[in-house]
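The C-terminal residue of the sequence shown carries number 924 in the numbering used here, and the numbering is unbroken. What follows is a single structure, written as structure tokens, with notes after it.
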Amino acid sequence: MGIFGQKEVVAFDFETTGVDPGFDRIIEIGAVKVFDDGRRETFKRLVNPQRPVPFYVKQLTGIDDSMLSEAEPIELVLPQFLDFLGDALLIGHNVSFDLGFLFENCRALGLRIPRNRVVDTLSLARVLYPTAVNHQLETLAALFEVELVRAHRAYYDALATLGVAEKLWQKLLSLPEPLFDQLEELIFAAGASDLEFYWRLAREHRMFRENLPPPPKVNSDKLVVLQNELGEPTSESVDFDPDIVEAYFSENSPLGTVLKNFKVRSQQQDMAAAVTQAFIDGELLMVEAGTGVGKSFAYLVPALFWSAANGEKVVVSTYTKALQEQLFFKDLPVLRKVLPFDFYALLLKGKGNYICLYRLERYMRDPMSLTSREREGLIYIASWISETESGDISENTSFINNFRYSLWEKVRADGHTCIGKLCPYYRDCFVYKIRRKISEAQMLIVNHALLISDLGGAILGDYSYLIVDEAHKLDVVAVELLGGEISIWRVKSVLDGIYKEAAVPSGVLSYIMTALGDQSLDEQFERIKANISFIRECADKFFSELALNMELIYHWQKQKYQVRKRYDYINPVYKSIKDRGDELIAALKSLYTELDIFIDNLGEPQNEELRKYFEELKGERAKLMELMDDLLVVLSPDEPDVVYWMESPTSPDSIDARLCWAPLDVGQVLNTELYERLGAAVFTSATLAIAEDFSYYLERLGLVYAPRERVRTLLLGSPYDYETQLRIVVTEFMPSPRELERFIDKTSALVRETSRKFRKGTMVLFTSHDSLRQIYESLYYDFQQVGIKLLGQGFSGSLAAISRTFIEDVESVLLGTESFWQGIDIPGKSLELLILTKLPFPVPDDPYIEAMSERLQRCGRSPFEEFIVPQAVIRFRQGVGRLIRSETDRGVLAILDKRIITMRYGEKFISSLPKKPEIAKSLDEVYQIVAEHLG
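Structure follows, in structure tokens:
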């Protein structure tokens, strides 16, 4: 028998003018039929859509109107294709898309709708290869080294789909029997009919084979496999000699033997020397190092020498995952090649990123206690858990892209309910494996979220030396994590962990009652169940009334974005829900009391299973206490240095309104809880100074609370030659951003004309999603007509997909908001023209901005000069930094907000630029500057 045990199969693919089967047209059909004796037949047809092919489809497929003008229409081609299909098993990639067009065209033409059985290589690949980088056809073809001659041409896509299907069939047949059976049980429990069909075909085929085939060979570069440890602890004697450290940044540096583009940079030398001295003198050093300095090596080399010489652990914290992974997977391996000693480093994430085998086993054993959607998600976890070595869910692209939320809450590692050494999986626990290694590590690479959430050192352990890269974001993370929020989902999550009524009850109390096997605690159990039921009613009423009263006062359902409003004791929404809040707190306190009594009466169990549940129940009780404490915080909005706000739901039919709070002065917390116990620390970023003054971040990060003699700052420029590489132009002729309609029209015209005239990689940065949307809609059709690819955040796919396309197409135009102002690196011709539409001032009625402004006013200070402008300047500098990412880049920066030259505060922005801007009095002058600099 052939593939999937069939006598004949047909792999097929359509190319179309769009994604709507009811409106768009098929323009190409490609298929290949394979018989069980190896024979093949092919079907290749272009189809005349009798309408123009959209530009983006021409770009994607290479099919243009001239190729289709002589092709037959669908009414002639489709009957031939149906005859070709016959009764064969059909195979497609994301086949529901193609079937949608097939069925719609059959209906429109009065043809029979085929009832062939279907295999979707996308759904099967997601189960069998959950760690693939992604599950696009091109990626899977590369994974299996299947030839894909030309992506997005129907016949070649069909051929590649067939090749991928053959490999997936081989993988399915090769699964070890226990895993095959386990996945089969979960698939049937989830009611995943397509997967049921594949497993049934494989089961029938496996019955007649004595030996399972080997799995197919794969290209491991197309799999996400996260390693979290690097190197070995050094046992060598190492001296901490500043001269040796300096040699790594001088002529004949060992780095030059492994880095092709290594050059001596005075700024890098100065930074490395400053970091070295900071470790020696026990300083808190703040360093601004411009783009291109190579700051990661400037702090890693002295830090590793210091660690090796003194036996001290160094923690390095970043804001973005990209930088965290660059340090661990790129920079540290380079240093292992050139340093005269080895070192042991770990990449760490928060506990919630790792799977808990104990909690997972519970749901694997009893999946019916989950929702159907959660049961489906469990399939992808079960497939992945059989092969992961890290337990980090970031590997599992199948799961995180489709099933992230409620199920992960149930199976992730949780500090509250962890039962420690009582756990049967303790030795295999991914979290404890890492924790056991932390004490041996010389360097820990973490993110700001883990750094802040672990100020007490429960995870990272004792350390005295800290380096904070992307330090301009440390205060943002601290505000988020040192505050909190109350939501209906948090209440439900806490209650579900204790007890959830369902056809198959869940929650630790239900497990305890089953394990007890007697009726001694039945009466208390019933009281707790009744209490939980009452709390659910109270919570529904509380959050329903919060959402309703926010609508009555703030009309959030009519707004384009989520409404966030500060509140205090006299706020009308707060007053309307206060009694409901008090009722909810009283009910939660009653439940806590009942749990205390239940735990006392249960006593310390001797039964091993009960002991595990007993520890879990104590953990759930602790979560309940945290919930009560936090609810008391949001219902007592009286702390002067705390901001309280409410957030509306994001959809009209939701009651997911929230109450939130955050401390205003996180710097004092950071100093008390972190800096005072450190031997030394380095804070670095490309954007820490405002007009060469560090005052803003010294205060925001709490370094003003440290002894003055301990704090040092260093301002380093960039090695790039901005005078020759960069031109900056301010458009004086543009209307004020306050004249919003005219400003949008003129901005749209400027982007349209400069893009059409110069065809340079262009990024346009906005401060408003609404402005971006208006300009995207005004440009889209025009750009289609002239062959310019327009990419819009929120319109053109994920941020990663948009960035990838922008880099590949050097004539494309990208419209972006917050996410593109920072953290992305696009060197070369992909980005030569950067347009900043407005100075990026924070939203003035944002609750945190409002509260900070009032706090500064109470102290007799200027909120605008000391808080609003610095925030805007830092973000502005981040945006400017997207341009000129290498010594060979050339670019033009256009600033459309003329307030930079007309308002007094504009000088702060101008002084933050790498060179003096030119003033353009007309669009022609902008053209001239672009033409002179970029050609």
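Ideal Cβ placement from N, Cα and C applies to all residues, glycine included.
Roughly how far, in whole angstroms, is the beta-carbon of residue i from the beta-carbon of residue j, given that I think they are within contact range, below 8 Å?
{"i": "residue 16", "j": "residue 38", "result": "5 Å"}
{"i": "residue 521", "j": "residue 487", "result": "7 Å"}
{"i": "residue 0", "j": "residue 130", "result": "That belief does not hold up - the Cβ atoms of residue 0 and residue 130 are roughly 13 Å apart, past 8 Å."}
{"i": "residue 369", "j": "residue 115", "result": "7 Å"}
{"i": "residue 672", "j": "residue 460", "result": "4 Å"}
{"i": "residue 764", "j": "residue 815", "result": "20 Å between Cβ atoms; not a contact."}
{"i": "residue 858", "j": "residue 905", "result": "With 8 Å as the limit, residue 858 and residue 905 do not qualify as a contact, their Cβ atoms being about 20 Å apart."}
Is residue j closer than 8 Å to residue i when the C-beta atoms are compared?
{"i": "residue 777", "j": "residue 280", "result": "no"}
{"i": "residue 208", "j": "residue 136", "result": "no"}
{"i": "residue 740", "j": "residue 753", "result": "yes"}
{"i": "residue 248", "j": "residue 305", "result": "no"}
{"i": "residue 791", "j": "residue 819", "result": "no"}
{"i": "residue 427", "j": "residue 335", "result": "yes"}
{"i": "residue 1005", "j": "residue 558", "result": "In this structure the chain extends from -10 to 924, so residue 1005 is not present and cannot be described."}
{"i": "residue 768", "j": "residue 737", "result": "yes"}
{"i": "residue 62", "j": "residue 7", "result": "no"}
{"i": "residue 162", "j": "residue 194", "result": "yes"}
{"i": "residue 489", "j": "residue 759", "result": "no"}
{"i": "residue 157", "j": "residue 113", "result": "yes"}
{"i": "residue 106", "j": "residue 186", "result": "yes"}
{"i": "residue 346", "j": "residue 407", "result": "no"}
{"i": "residue 224", "j": "residue 432", "result": "no"}
{"i": "residue 861", "j": "residue 831", "result": "yes"}
{"i": "residue 823", "j": "residue 802", "result": "no"}
Of the choices the options, whose alpha-carbon is the least far from that of residue i?
{"i": "residue 302", "options": "43, 907, 167, 451", "result": "451"}
{"i": "residue 2", "options": "142, 299, 481, 640", "result": "142"}
{"i": "residue 331", "options": "539, 298, 677", "result": "298"}
{"i": "residue 494", "options": "482, 726, 355", "result": "355"}
{"i": "residue 909", "options": "901, 641, 885", "result": "885"}
{"i": "residue 749", "options": "617, 775, 924, 600", "result": "924"}
{"i": "residue 233", "options": "697, 733, 291", "result": "291"}
{"i": "residue 810", "options": "788, 779, 838, 49", "result": "788"}
{"i": "residue 515", "options": "499, 550, 639", "result": "499"}
{"i": "residue 658", "options": "575, 641, 680, 692", "result": "692"}
{"i": "residue 213", "options": "245, 69, 382", "result": "382"}
{"i": "residue 887", "options": "617, 826, 245, 345", "result": "826"}
{"i": "residue 202", "options": "196, 238, 183, 164", "result": "164"}
{"i": "residue 173", "options": "353, 271, 74", "result": "353"}
{"i": "residue 492", "options": "360, 367, 664", "result": "360"}
{"i": "residue 57", "options": "856, 914, 34, 67", "result": "34"}
{"i": "residue 221", "options": "159, 49, 321", "result": "321"}
{"i": "residue 504", "options": "561, 448, 603, 413", "result": "603"}
{"i": "residue 914", "options": "723, 785, 860", "result": "723"}
So, at 6 Å on beta carbons, what are the nonlocal neighbours of residue i in its own chain, with the 5 sequence-adjacent residues on each side left out?
{"i": "residue 379", "result": "215, 217"}
{"i": "residue 842", "result": "852"}
{"i": "residue 716", "result": "881, 918, 922"}
{"i": "residue 468", "result": "651, 655"}
{"i": "residue 702", "result": "275, 683"}
{"i": "residue 102", "result": "92, 95"}
{"i": "residue 581", "result": "613"}
{"i": "residue 773", "result": "44"}
{"i": "residue 462", "result": "308"}
For residue i, collect the residues of the same chain with a Cβ closer than 7 Å to its Cβ; drop the 5 residues on either side in sequence, then sort them by chain order.
{"i": "residue 190", "result": "-7, -6"}
{"i": "residue 678", "result": "277, 704"}
{"i": "residue 555", "result": "632, 633, 634, 836, 839, 840"}
{"i": "residue 205", "result": "133, 156, 159, 160"}
So who's on the other strand from residue i, going by DSSP bridges?
{"i": "residue 650", "result": "473, 633"}
{"i": "residue 67", "result": "Answer by DSSP bridge pairing: none, since residue 67 is not bridged."}
{"i": "residue 715", "result": "880"}
{"i": "residue 457", "result": "306, 672"}
{"i": "residue 978", "result": "Absent from the model: residue 978. The displayed extent of the chain is -10 to 924, so no value can be given."}
{"i": "residue 495", "result": "489"}
{"i": "residue 381", "result": "343"}
{"i": "residue 336", "result": "434"}
{"i": "residue 32", "result": "20"}
Leaving out five residues before and five after residue i in sequence, what residues of the same chain have Cβ atoms less than 8 Å from its Cβ?
{"i": "residue 415", "result": "409, 421"}
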